[in-house]
Amino acid sequence: MTTTPDLGWLLADIVSVPEVRHAVVVSNDGLEIGRSAGILREDAERLAAACSGLQSLARGVAQGFGGHGSATRQIIIEYGGGYLFIVAAGAGAHLAVVTGEAVDAGLVAYQMQVLVERIGTHLTSPPRVDHAAGGQR
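According to our numbering, numbering within the sequence shown proceeds without interruption in unit steps and concludes at 137.
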């Protein structure tokens with residue numbers, strides 16, 4: 001069993017932005033890698049699973065309409081009461097930020113990019129290996 005580093009301290013800056021409620025680092029396959037203080041593990045896991053599905057859909061759109069090799073840069077969902085921002089954060093990982101509706105979206109997007117650039121090596125999630133299949137994916 002592997003352990004993931006506590007990334008809460010790395011996410012503290014982004015959750016200090018006004019109207020930012022939670023930040024979660026998620027793997028491509030829908031697992032929570034790290035979460036900010038204030039979000040329950042169960043909620044972080046549910047968000048991670050949802051982000052995985054959204055990333056998969058966005059990847060299909062980018063490749064289908066953006067041309068071969070096109071990648072998703074960010075996903076923004078506006079819903080009643082707030083926003084969900086998702087950006088790539090290292091190989092196999094994404095940063096998801098949940099906000100209130102009065103948030104400065106430009107500031108959040110900027111702060112997410114600063115965070116990813118500053119600590120991208122901490123946010124990398126290697127692909128999981130299926131040991132039951134002899135290590136083959």
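By construction, the Cβ of each residue, glycine as well, lies at the ideal position given by its N, Cα and C atoms.
*Can you list, in chain order, the stretches of the beta strand (DSSP E) that have 3 or more residues and sit fully within the region 83-127?*
Every unbroken stretch of the beta strand (DSSP E) spanning 3 or more residues and falling wholly within the region 83-127 is given here in chain order: 93-100.
*How about the region 9-27 and the region 43-58: do they share at least three Cβ pairs that are nearer than 8 angstroms?*
Enough Cβ pairs lie closer than 8 angstroms, so yes.
_Please tell me whether A142 and G82 are closer than 8 angstroms, where the distance is taken between their beta carbons._
Limits of the chain in this structure are 1 at one end and 137 at the other, which puts residue 142 out of reach.
_Expected contact under 8 angstroms - CB spacing of V20 and V97 to nearest Å_ = Contact between V20 and V97 holds: their C-beta atoms lie close to 6 angstroms from each other, under 8 angstroms.
*Rounded to a whole number of angstroms, what is the C-alpha to C-alpha distance between I86 and R41?*
Cα to Cα, I86 sits roughly 18 angstroms from R41.
_My output table needs one value for S138: the three-state DSSP class, helix, strand or coil._
Lying before the first or after the last residue shown, residue 138 is absent from the chain, which here runs from 1 to 137.
*So what does DSSP say about I14, is it helix, strand or coil?*
Judged by DSSP in its simplified three-state form, I14 adopts helix.
_According to DSSP, is W9 part of a helix, a strand, or is it coil?_
Helix at W9.
*Helix, strand or coil at G30 [DSSP, three-state]*: The answer is coil: DSSP assigns G30 none of H, G, I, E or B.
*Under a Cβ-count criterion, where at least 16 other Cβ atoms within 10 Å of its own Cβ denotes burial, should G66 be classed as buried or exposed?*
Residue environment: G66 is assigned as exposed (fewer than 16 neighbouring CB atoms within 10 Å of its CB, all protein chains considered).
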